[in-house]
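In this note's numbering, the protein residues as written are 51 to 217. No residue lacks a Cβ here, since even glycine has one placed at the ideal position from N, Cα and C. What you are looking at is a predicted structure, and each value in this text was computed from that prediction instead of being measured. I have placed the structure first, in the form of structure tokens, so that the comments after it can refer back to it.
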Amino acid sequence: MNVYTTKRFEFWAAHRYWNPNWSKERNREVFGDDNQAALAPAYGFSAAHRLHSPSLSDEANRALYGKCDDPHGHGHNYVFEAVVAGPVDSETGMVVTRGELDAAATAIAADLDSRYLDAEVPAFREIVSTGENIVAYLWQRLYAALGNRLRRVKLWETPNNTFEITA
Ligand SMILES: [Zn+2]
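Here is the structure:
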């Protein structure tokens, strides 16, 4: 088993994603709309769910999931992060353009935002909407857009509850 440890260092600087050799439109296409500042590629959606496995009895569900099995459901402000890796394009200076990453991630977030996951998102009709299953769903959809450049997807269900898949 490998144990990873990280230390964070901070610095402040101003910059802008902008290739002076390109038109305004091309810059926007490659770097996205928010090319004024460096932002971590984190995306969010707010959704409700209920932890309830159809293959378990009501009693077993209550024992296993506790208050998360409440039939009225409950909500979270989910945040997810996609890590991509690969060669850095010499022209854009990036592994994946912000435009491409934003398009893939915001489409997924839009499909889940303001939904009752178990009732309104087909993927969660048959499987329990646990963090494990939600991060697997995000992985599948991001992989379809980004291919094997996708290396890690991390989902925050709460600030203290995270789920992660790595390639
Ligand atoms: Zn929950």
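Quick check on this structure: which residue in 175, 188, 198 and 75 has the alpha carbon closest to the alpha carbon of residue 134? Translated into the one-based positions of the sequence shown, residue 134 becomes position 84. Closest by C-alpha distance to residue 134, out of 175, 188, 198 and 75, is 198.
Unbroken beta strand (DSSP E) runs of length 3 or more, entirely within the segment 87-141: which are they? 92-99 and 124-134, all fully within the segment 87-141.
Residue burial classification, residue 89 (beta-carbon count within 10 angstroms, cutoff 16): For the purposes of this step, residue 89 is taken as residue 39 along the sequence shown, with counting starting at 1. With a pLDDT of only 41 at residue 89, under the threshold of 50, the placement of this residue in the model should not be trusted, and no figure is reported.
Quick one: residues in its chain with C-beta nearer than 7 Å to the C-beta of residue 140, no 5 flanking neighbours on either side, listed in chain order? Your numbering for residue 140 matches position 90 in the sequence shown. Same-chain partners within the cutoff: there are none.
Looking at C-alpha atoms only, which residue of 137, 178 and 128 is the closest neighbour of residue 161? The residue given as residue 161 occupies position 111 in the sequence shown. Nearest option by C-alpha distance: 128.
Alpha carbon to alpha carbon, how far is residue 156 from residue 68? Give it in angstroms, no decimals. Here residue 68 is taken as the residue at index 18 of the sequence shown, counted from 1. Here residue 156 is taken as the residue at index 106 of the sequence shown, counted from 1. So the two alpha carbons sit approximately 22 Å from each other.
What separation, rounded to the nearest whole angstrom, lies between the Cα atoms of residue 176 and residue 136? Stepping through the sequence shown from its first residue, residue 176 is reached at position 126. Stepping through the sequence shown from its first residue, residue 136 is reached at position 86. One C-alpha to the other measures close to 35 Å.
According to DSSP, is residue 74 helix, strand or coil? As a working mapping, residue 74 is identified with position 24 in the sequence shown. It is helical.
Quick one, are the C-beta atoms of residue 93 and residue 150 less than 9 Å apart? By one-based count along the sequence shown, residue 93 stands at place 43. By one-based count along the sequence shown, residue 150 stands at place 100. No, the pair does not count as a contact, with Cβ atoms beyond the cut-off.
Helix, strand or coil for residue 58, going by three-state DSSP, please let me know. Within the sequence shown, the letter at position 8 stands for residue 58. When secondary structure is reduced to three states using DSSP, residue 58 falls in the coil class, being assigned neither helix nor strand.
Taking buried to mean at least 16 other C-beta atoms within 10 Å of its own C-beta, is residue 66 buried or exposed? For the purposes of this step, residue 66 is identified with residue 16 of the sequence shown, where counting begins at 1. So residue 66 ends up on the exposed side.
Quick check: what's the CA-CA separation for residue 216 versus residue 194? Translated into positions along the sequence shown, residue 216 becomes position 166. Translated into positions along the sequence shown, residue 194 becomes position 144. Each residue's CA atom was taken as its position, placing residue 216 and residue 194 some 15 Å apart.
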